[in-house]
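Following the numbering used here, the numbering of the sequence shown begins with 598 at its first residue and continues without gaps. The structure appears right after this line, and notes come after that.
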Amino acid sequence: MTGYVMFRKDRLGRRGGGIILYIKESIQAYEIKLEKEAECEETVWCNIVTGNSTLTVGLVYRSPNISMEENEKIHNAIIEVSKRDCIIMGDFNHGHIQWTSLQSTGREDQEFLNLVQDSFLSQHVIEATRGENVLDIVLSSQKEFVDNVKICEPLGCSDHNQIHFIIKVKGERNRKIRYRNKFHKGRYKDMREYLAKIDWNNTLKNKTATECWNILKSEIDCVVDKFVPLKKQGKRSKKKHLSKEAIRKIKYKQMMWKTYRHTGSEEDYSIYKEALNQATAEI
């Protein structure tokens, strides 16, 4: 994706799977490795520099058929990361935890709930993310790090709902400032006088064509820097315009998603899926 840095972990030994974390290029971030006993197959961990502090962001996929060894590694990773400022998100496949009452059924679900509480982490997702279960969650070391959590329609062909939220951590962004020359305000009289003082015969004497070109280009760059002012370049929109028909179908798809979320009926879900397919084809 243009404008983003990608951090990924591919699934080993078989096709498909894996996880990807995208972070904007304007944000200073780098991947980190945890202790060996916390290295998991499908997790990615990054540090985001926010002013004078650092926020650790983790993305986790926990398979429903996970081995005891891998499950323990995920627990070790959470224990290690929870000791710092952090946000941990992903599909944990703990579908029998009631996050509002902090109760669960099943040994593995209870162990994970105990881990979250013992690590003093806040869990921010309350609504179901797949069917009637809360499988995808967002954990944070401080409750105020995460705000405005919304459960939205699935992306593409996924059967998991999207989770939208705001990370409320103040920080400085490294923005690249671009400049361009204002040639219409160049001091061309001074430029000509400067170039006229150069002894071109001696400067270019016994030089090859390539050397002459490099010298000429260097002098031109020099006078441009001296006599042509600079201006900050504004950002250009790179958004692709959608057709009116595509916009209409997207709005209809969103409306049918809200209808399905309200009624929960299979008929409304079928209508939503058809609207999704039509909108995707139009785009």
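C-beta atoms are modelled at their ideal positions from N, C-alpha and C, and glycine is treated no differently.
* Asked: When the Cα atoms are used, what is the spatial distance from residue 882 to residue 640?
  -> Since the first residue shown for the chain is 598 and the last is 880, residue 882 is missing from the structure and cannot be characterised.
Any 3 or more C-beta pairs closer than 8 Å across the region 754-766 and the region 800-811: no
Could you check the C-alpha separation between residue 744 and residue 822 for me, to the nearest Å? 47 Å
Note the first and the last residue of the continuous alpha helix (DSSP H) segment covering residue 745. Here residue 745 belongs to no alpha helix (DSSP H); instead the beta strand (DSSP E) covers 743-749.
### Query
Among 696, 689, 864 and 736, which has the Cα closest to the Cα of residue 762?
736
query: How is residue 603 classed by DSSP in three states: helix, strand or coil?
result: strand
message: Quick check: the Cα distance between residue 655 and residue 642, rounded to an integer number of angstroms?
response: 4 Å
Open item on the list: Within the continuous beta strand (DSSP E) that includes residue 625, where are the two ends?
Closed with: Element bounds for residue 625: n/a, residue is neither H nor E.
Between the Cα of residue 820 and those of 674, 850, 786 and 807, spot the shortest distance and give me the residue it belongs to. 786
Could you tell me the boundaries of the alpha helix (DSSP H) in which residue 853 lies? 841-860
Notebook entry, point to check: With a CB to CB cut of under 7 Å and the five nearest residues on each side skipped, what residues in its chain are close to residue 702?
Noted result: 693
- First and last residue of the alpha helix (DSSP H) that includes residue 594? There is no way to answer for residue 594, as the model of the chain reaches only from 598 to 880.
field: Status (buried if at least 16 other CB within 10 Å, exposed otherwise) for residue 854
entry: buried
Worksheet item: Which residue comes first and which comes last in the beta strand (DSSP E) that contains residue 650?
Response: 650-658
* To do: Starting from the Cα of residue 825, find the closest Cα among 808, 862 and 781 and give me that residue.
  => 781
Using the Cα positions of residue 673 and residue 680, report the straight-line distance between them to the nearest angstrom. 11 Å
> residue 670 lies in the alpha helix (DSSP H); which residues open and close that run?
Replying inline: 665-678
In its own chain, which residues sit with a C-beta less than 6 Å from the C-beta of residue 856, not counting the 5 before and 5 after it? 865
Practice prompt. Would you identify the three-state DSSP class for residue 827, choosing helix, strand or coil?
Written response: strand
How big is the Cα-Cα spacing for residue 724 and residue 750?
12 Å
message = Considering only DSSP beta bridges, list what residue 761 is partnered with.
response = 747
Taking the straight line between their C-alpha atoms, what separation do you get for residue 850 and residue 869?
6 Å
I'd like to know whether the C-beta atoms of residue 625 and residue 682 end up nearer to each other than 9 Å.
no
Task: Sequence-distant residues of the same chain with beta carbon closer than 6 Å to residue 721, five excluded per side - done: 735, 743 and 746
**Residues near residue 784 in its chain [Cβ-Cβ closer than 7 Å; skip 5 each side]** = 824
For residue 840, which residues of its own chain have a beta-carbon under 8 Å away from its beta-carbon, when the five flanking residues on both sides are left out?
-> 879
In the DSSP assignment, what are the bridge partners of residue 778?
827
Span separating the alpha-carbon of residue 635 from that of residue 670:
5 Å
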